[in-house]
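Presented below is the structure to which this report refers.
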Amino acid sequence: MTCSTDIATYNKVRSENKLFQFLNALDQKYDSLKREILRWDPLLSAEAAYAAVRKETAHQSIFGNIQQ
């Protein structure tokens, strides 16, 4: 491995760990959204996942929680 490859691998693992920590901290009501986010290839960044959660929260506040 080269140094640049090592750095890219490290950054990818670090980004994935941030995403997993963020998703793990979410309430159970976001389980379906968590599964959807984890299906993305490549995985979203933690920041993009946060944006998706904010969008879903806004949607639920406007239209109500349809999933229950």
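First residue of the sequence shown? That's 562 in the numbering used here, and the numbers climb one at a time after it. Quick reminder that beta carbons are idealized off the backbone N, C-alpha and C, glycines included.
Our two residues, S606 and Q621, have alpha carbons roughly 23 Å apart in a direct line. According to the DSSP assignment, Y571 belongs to the alpha helix (DSSP H) that extends over 564–586. Approximately 7 Å separates the beta-carbon atoms of A613 and L594; this is inside 8 Å, confirming the contact. Beyond the five residues adjoining it in sequence on each side, I623 comes within less than 8 Å, by CB distance, of no other residue in the same chain.
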